[in-house]
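What follows is one structure encoded as C-alpha cells, with my remarks underneath.
Residue numbers (the working numbering): 17 to 146.
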C-alpha cells in the first residue's frame with residue numbers, strides 16, 4: 017500500500033469532501049491525487065459531457081488529449097492504455113455517480129501487474145465519496 021493506512025486515506029478524504037466548501041472540480045483533483053498514491057501507475061478522471069461522451073478532466077501519470085470514444089467502459093480503457101503506450105497493461109473503470117446519474121468515471125491504469133485488491137477496494141470507497 018501507498019503512504020498512510022487505508023483508513024487514514026479514507027478518513028482524510030471523507031473529511032475534505034464532507035466540509036462542503038470544496039468545489040466539485042477540486043474534489044476531482046483531490047480524488048486523482050489520493051488515487052495515484054495507492055499503487056496505481058496512472059489515473060484518468062473523465063466527466064461525461066452534455067451528450068454523455070467522456071471528456072478528460074484530470075490525469076496523473078499519463079498525458080491525455082481528446083478521447084475518440086462514445087461512452088465510458090472497455091473502449092475507453094483500451095484507448096487510454098494505447099495512448100499511455102501500455103496496450104498490455106491493466107485498466108479498471110469506476111463510475112462517478114451524482115444525483116442518480118453518471119457524472120463521469122475514474123479509470124485506473126497499471127503497467128503490467130495485477131492490482132492489489134485492497135488498494136482497489138479503497139479506491140472504490142474514495143470514488144463513492146466523491
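All residues carry an ideal CB built from backbone N, CA and C; glycine is no exception.
By a C-beta neighbour count over all protein chains shown, 10 Å radius and 16 as the cutoff for buried, is residue i buried or exposed?
{"i": "residue 112", "result": "buried"}
{"i": "residue 62", "result": "buried"}
{"i": "residue 39", "result": "exposed"}
{"i": "residue 28", "result": "exposed"}
{"i": "residue 23", "result": "exposed"}
{"i": "residue 144", "result": "exposed"}
Looking at residue i: is its Cβ nearer than 8 Å to the Cβ of residue j?
{"i": "residue 110", "j": "residue 26", "result": "no"}
{"i": "residue 70", "j": "residue 121", "result": "yes"}
Out of the options, which has the shortest C-alpha to C-alpha gap to residue i?
{"i": "residue 137", "options": "103, 108, 115 and 98", "result": "108"}
{"i": "residue 101", "options": "79, 87, 115 and 88", "result": "79"}
{"i": "residue 76", "options": "21, 50, 66 and 31", "result": "50"}
{"i": "residue 83", "options": "60, 126, 36 and 125", "result": "60"}
{"i": "residue 123", "options": "31, 115 and 105", "result": "105"}
Is there a C-beta anywhere in chain C that falls below 8 Å from the one on residue i?
{"i": "residue 40", "result": "Any reference to chain C falls outside this structure, which holds one protein chain only."}
| query | Does the segment 56-75 touch the segment 122-131, meaning 3 or more C-beta pairs lie closer than 8 Å? | reply | yes
Item to complete: Please go through the segment 25-90 and give each complete alpha helix (DSSP H) segment of 4 or more residues, from N-terminal end onward.
Response: 40-52
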